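All you need for the numbering used here is the position in the sequence shown, starting with 1, plus 218. Idealized CB from N, CA, C, for every residue including glycine. Just so it is clear, the structure is predicted and the values come from calculations on it, not from any experiment.
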Amino acid sequence: MVKPDRMILRFLWRVIGNQASQQNAQAWLSQALQILNRPYPTLTLRKLDHEIWKYEKSMANKSIQPTACSGG
Numbered sequence: 219m220v221k222p223d224r225m226i227l228r229f230l231w232r233v234i235g236n237q238a239s240q241q242n243a244q245a246w247l248s249q250a251l252q253i254l255n256r257p258y259p260t261l262t263l264r265k266l267d268h269e270i271w272k273y274e275k276s277m278a279n280k281s282i283q284p285t286a287c288s289g290g
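Here you go:
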């Protein structure tokens with residue numbers, strides 16, 4: 219079992235719109251994996267965790283990009 223870290227908890231907050239406990243997060247990830255294993259039978263909990271982590275990192279990078287200043 220993968221322990222949900224801040225990236226996983228942030229992802230779940232984005233998806234459900236509410237803060238998830240560690241216990242709920244683990245249960246939801248396991249349920250999501252069962253559903254995703256139908257089309258992706260080689261997907262593991264560790265791979266799912268890694269994909270969520272990469273997604274959250276990319277979202278964080280997008281939100282902190284500097285904006286262009288108008289010079290004058």
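Selection from Leu-230, Gln-252, Ile-253, Leu-251 that minimises the alpha carbon distance to Asn-242: If you number the sequence shown from 1, residue 242 lands on position 24. Out of Leu-230, Gln-252, Ile-253, Leu-251, Leu-230 has the C-alpha closest to the C-alpha of Asn-242.
May I have a chain-ordered list of the alpha helix (DSSP H) segments no shorter than 4 residues that lie completely inside the segment 219-287? As far as the segment 219-287 is concerned, its whole alpha helix (DSSP H) runs of at least 4 residues are 224-234, 240-254, 263-281.
Using the rule of at least 16 other Cβ atoms within 10 Å of the residue's Cβ for burial, across every protein chain shown, is Pro-257 buried or exposed? Within the sequence shown, numbered from 1, the residue matching residue 257 stands at position 39. Exposed: under 16 other Cβ atoms inside 10 Å.
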